[in-house]
Amino acid sequence: MVGGLLNDIGLCHRHLGRYKEAREIFEQSLAVRRRAGPVAGEAVILNNLGLIHDDLGEYAQAIAFYEQALPLRRVAGDRAGEGTTLHNLATTLLQIGRWSEAAERFKQALAIEREAGDRMGEAGTLSNLGQLYLQMSRQDEAETALTQALALMREIGDRGHEAAVLNNLGLLAQARGEPRRALALFEDALAVQRQASMTGTEAPLLNNLGTTYQAVGDWRRALAYFQEALARHQATGDRAGQATTLANIGGLHLEREAYAEARVAYEQALTLVQASGDRDSEATLLNNLAAVLRAQGEIDRAAEHLATALAIAREVGDREMEATALSNLAATRFDRGDLPGAQADLEAALALRLETDDLLAAGATLNNLAAVSSALGDPAAAVDYYERVGGTPADRRYRWAGARCTTWAYCAPIWMTWDGPRSRWPRP
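If you count the sequence shown from 1, position 107 lands on 145 in this note's numbering, and the numbers rise without skipping.
Take a look at the structure:
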């Protein structure tokens, strides 16, 4: 009884964004449950501890709690609970770049949900699987999963989650370079939420509308949406949402080269995530703030922020963020003339990009490696980096398309002086 009450209190704290308080309450709840002997509710609390550690960016701990909950769910024959925990585990794996494992867990959860006839759970997992495929640049598979999810949401009349799927379809349109379609989908999602009287959940959509207007160069409207989203998050006391929106405002100002305003927004967001203990978001914001500092000529301070971000990424096991921090550290080394150091950081970043199957980011890293090789006076190495793009499996090569064009631009001066065999020149 007491353990269950504590668990409910923990959920309230989590809903309010009080993650550290929620973690403490869940830990107390777990201790009470265990003193009472083995009971079915222990798996629920372990699952919730996984959720709160995920909220805090403590992904290794989140995974550990989910993996403790899974066998308890299975022993109890709790198939629905097993599917929920598999889904949560997949979501955490997605966030740290372990995409293949995430896909496998989502598929396991999907099979359980279909077996149980859980249409709502099936729709939610399809939506998240679509998000994962979008992250992996598997856009056709993303569209298939999201379209199936949307049909299910409409069939069961779940208007709130219908809006979430429309939002994901909008993100897919963004990724395909279709901002006008993205805007239409986000507007549809917003209309669905308002029809369902879900005005308290509008802020993420307002953020996405802001990023899309930013993409089409309408900075004034983008900022207006961000400010509206920020006001909504402040009204509900959602500190995580406030931090996300402030980060978006910082990104907008950075793109406008309004560095002072960008710095203020990023520093406000950083203060919020440090107070909440969200380590992974802290690393992200340190990366963003470093970009501003670098633009302002504060290279050494930017490098300090990036070193901290790198340490956090390794601490929480976020390989995607680790690769980003390494790439940005390489840029500061390049600025200071440390070309061998920049090359070493980029090679480490490239290994991580390939390990996580993030081929688009890997292509950008190859671009940078070619640029460093050129600066080092090594055109042959620059060509080698280019050829590593062309040497990928044929079914993946299209995902390097943007990288090929940029690498061509980087290496164009090299082709003019290249005295090696012409067979090693890249082909359009």
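We put the CB at the ideal spot given by N, CA and C, even for glycine.
Between the alpha carbons of residue 405 and residue 180 lies a gap of roughly 27 angstroms. According to the DSSP assignment, residue 336 belongs to no alpha helix (DSSP H), since it is labelled neither H nor E. Assigned with DSSP and collapsed to three states, residue 191 falls in helix. A check of alpha carbon separations from residue 99 across 167, 316, 185 identifies 316 as the nearest. According to the DSSP assignment, residue 311 belongs to the alpha helix (DSSP H) that extends over 297-314.
With fewer than 16 other Cβ atoms inside 10 Å of its own Cβ, residue 298 counts as exposed. Membership of residue 412 in the alpha helix (DSSP H) is indicated by the continuous run 397-413. Remark: C-beta atoms of residue 166 and residue 126 do not approach each other more closely than 8 angstroms. Spatial neighbours of residue 210 in its own chain (CB-CB distance under 7 angstroms, excluding positions within 5 residues in sequence) are listed in chain order as 172, 177, 180, 181, 184. By a beta-carbon distance limit of 8 angstroms, residue 325 contacts residue 344. Their separation comes to about 7 angstroms. In the three-state reduction of the DSSP assignment, residue 266 falls in the helix class.
Distance check between residue 333 and each of 321, 305, 301, 249 places 301 closest, using alpha-carbon atoms only. Nearest Cα to residue 399 within the set 174, 138, 412: 174. Judged by their CB atoms, residue 90 and residue 111 are not nearer to each other than the 8 angstroms cut-off. Close CB contacts of residue 245 within its chain, under the 8 angstroms cut and outside five residues either way in sequence, are with 263, 264, 267, 282, 283, 286 (chain order).
By alpha-carbon distance to residue 117, the top candidate from 147, 63, 205, 105 is 147. Scanning the stretch 67-152 from its first residue to its last, the whole alpha helix (DSSP H) runs of 4-plus residues come out as 79-93, 97-113, 117-133. Excluding the 5 residues flanking it on each side, residue 194 has same chain C-beta neighbours closer than 8 angstroms at 157, 158, 161, in chain order.
The C-beta distance from residue 150 to residue 168 rounds to 18 angstroms, too long to fall under 8 angstroms, and the pair is not in contact. Around the beta carbon of residue 233, fewer than 16 other beta carbons sit within 10 angstroms, so the residue counts as exposed. Separation of residue 335 and residue 52 (C-alpha to C-alpha, rounded to the nearest whole angstrom) is 40 angstroms.
In its chain, beyond the 5 residues on either side, 208, 211, 212, 250 have a beta carbon closer than 6 angstroms to the beta carbon of residue 220. Under the three-state reduction of DSSP, residue 240 is assigned to coil, being neither helix nor strand.
Sixteen is the threshold: when 16 or more other Cβ atoms of the shown chains lie within 10 Å of the Cβ of residue 401, as they do, the residue is buried. Spanning the alpha carbons of residue 228 and residue 377 requires a straight line of approximately 48 angstroms. Nearest neighbour of residue 170 by Cα position, chosen from 153, 143, 261, turns out to be 143. Between residue 239 and the set 199, 248, 215, 214, the nearest pair of CA atoms involves 199. Membership of residue 158 in the alpha helix (DSSP H) is indicated by the continuous run 157-173.
In the three-state reduction of the DSSP assignment, residue 391 falls in the helix class. Inclusion of residue 96 and residue 354 in the CB contact set at 8 angstroms is warranted, their separation being smaller than that value.
When the beta-carbon positions are compared, residue 71 and residue 79 come within less than 8 angstroms of each other. The beta carbons of residue 365 and residue 341 sit no closer together than 8 angstroms.
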